[in-house]
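In the numbering used here, the protein residues as written are 10 to 413. Glycine included, each C-beta is placed from N, C-alpha and C at the ideal position. The structure appears below as structure tokens.
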């Protein structure tokens, strides 16, 4: 029998700061032990998660373009921000944080226009055969385009916005690929499979605000409309029927399964036979440097991944599925190797759809941030995991999170 877990001590108000193709790994991330004389140059402290959340709230309250960087963060305001508004933002910076407040050369409308142009993939006759990701970098004050398209294909894009766009060569990896012997009511995080398709991961249970129907989410690039989806066993055979794909949103890589019964728990074990679960208690907003966990069928549960970009758009080659209009976010490998902290686990093929979440000191409740989608390898060899922001999904559909 599955035990119903309860939170002994819940965080007073799960600081909710704003969260498509995928696969997790397993690793909890810890910081180094007390510094020794040999590591005298290591900083004695860094901003707390509470400070990052407070900074994110200030950025949202003043319609900032975002917060960028971790060691020397920059809060960037749109070009049409008044001097008085900038002064208010500077006054709202959390005490003890060293944050540079800068004004961009872009208005929000201009940024959105450029990003939509990039993901529309009309800038070259073969543009839709390539993958492309786009984000605004407030430190450089440029729109950064990651793509596997050759320079000849992106020349017109660079010429259309001289000095505004930085194009980087990148490799993209959509990651469509107890979790393996489950039964109704189904939990998020279970392994999924459909005849003729690869393996993916169930996200979390949701409910329609209009009809009251309950669904299970996963990534839209995993299965087509009307596909029959089953729990995947470890030998890749079909287990119990999980549901039928009844709706797909290809602009934010999300689809719903309608079937038996779903419950507000997610699997969070670190190995295939683990029975560990967290109950879903609420949502957390996507915020710069918020450390998140991801729990997929390929790499299982791992944590400590800092969010590095809060507004990311991507289109994957060979599919019409995108995450558009900044509904995605990037989160990076955590780790214990000071000063980079990047030697932790990352997702793999088969983790698409996996729940991305935060937890509390009891390690029994989950606050949903979003769903895992895939990986983009920028600057040759740096992996950035891609998530779909749950709050953007909810605000665009009639779906609400099932909680307890």
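By the neighbour-count criterion, in which 16 or more other beta carbons inside 10 Å mark a residue as buried, residue 175 falls on the exposed side.
Exclusion of the five residues before and after residue 133 leaves 158, 162, 163, 165 and 166 as the residues of its chain whose Cβ lies within less than 8 Å of its Cβ. When rounded, the separation of the alpha-carbon atoms in residue 383 and residue 337 is 11 Å. In this structure, residue 275 places its C-beta atom within 8 Å of the C-beta atom of residue 197. Scanning 303, 304, 273 and 334 for the CA closest to the CA of residue 289 turns up 273. For the pair residue 156 and residue 179, the CB atoms are nearer than the 8 Å cut-off.
Distance from the CA atom of residue 210 to the CA atom of residue 363, rounded to whole angstroms, is 5 Å. Distances from the alpha-carbon of residue 293 to those of 233, 316, 307 and 277 put 316 closest. Residue 249 carries a strand assignment under DSSP once its states are collapsed to helix, strand and coil. Looking at 136, 115 and 107, the one whose alpha-carbon comes closest to that of residue 327 is 136. The DSSP-derived three-state label of residue 330 is coil. Residue 391 counts as exposed, since fewer than 16 other beta carbons sit within 10 angstroms of its beta carbon. Residue environment analysis places residue 355 among the buried positions, since at least 16 neighbouring C-beta atoms fall within 10 angstroms of its C-beta. Taking every protein chain shown into account, the CB of residue 231 has 16 or more other CB atoms within 10 angstroms, so this residue is buried. Runs of the beta strand (DSSP E) lying entirely within the segment 130 to 165, each at least 3 residues long, are 141 to 146 and 151 to 156 in chain order.
In the DSSP assignment, residue 295 falls outside any alpha helix (DSSP H), carrying neither H nor E. Considering only 255, 85 and 69, the residue with the shortest C-alpha distance to residue 115 is 85. Put simply, of 371, 394 and 109 the residue whose alpha carbon is nearest the alpha carbon of residue 357 is 394.
A residue is called buried when at least 16 other Cβ atoms come within 10 angstroms of its Cβ; residue 282 does not meet this threshold and is exposed.
Out of 127, 200, 309 and 344, the CA that lies nearest to the CA of residue 168 is found in 127. Ranked by Cα distance from residue 310, the first of 215, 279 and 219 is 279.
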